[in-house]
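Peer 1: Would you mind keeping the following structure in view while I ask a few things?
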Amino acid sequence: MRENQIRSKKSCLAGLEAKIGSRDETLIEKDIRLFLSIVFALEQKWSRFFTSIFDIFLDLNIF
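Here it is, written out as structure tokens:
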């Protein structure tokens, strides 16, 4: 009976670790997605900024 209790505790702990690990993994995935969305948003804004400056130079016949 004692061995059964030990086995059940180990299986419960393994299940808990699996749940916690998967939850941490999803939090990390969410952080990565948030970071990438910020990076892509900044890239789009800077891309538009440099494109508009280049257009101004083209309008002024500098290039």
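Going by numbering that gives the first Met the number 0, the sequence shown opens with residue 0, and the numbers climb by one from there.
Yeah, the Cβ is synthetic: ideal placement off N, Cα and C, and Gly gets one too.
Every value quoted in this text rests on a predicted model; they were computed, and no experiment measured them.
When DSSP labels each residue in this structure, what does LEU33 get in the three-state scheme?
Peer 2: helix
Peer 1: Return helix, strand or coil for ASP59, following the three-state DSSP convention.
Peer 2: The residue asked about is misnamed: residue 59 is Leu in this sequence, not Asp. In this structure, LEU59 counts as coil in the three-state DSSP scheme.
Peer 1: Can you give me the C-alpha to C-alpha distance between SER46 and ASP54, rounded to a whole angstrom?
Peer 2: 12 Å
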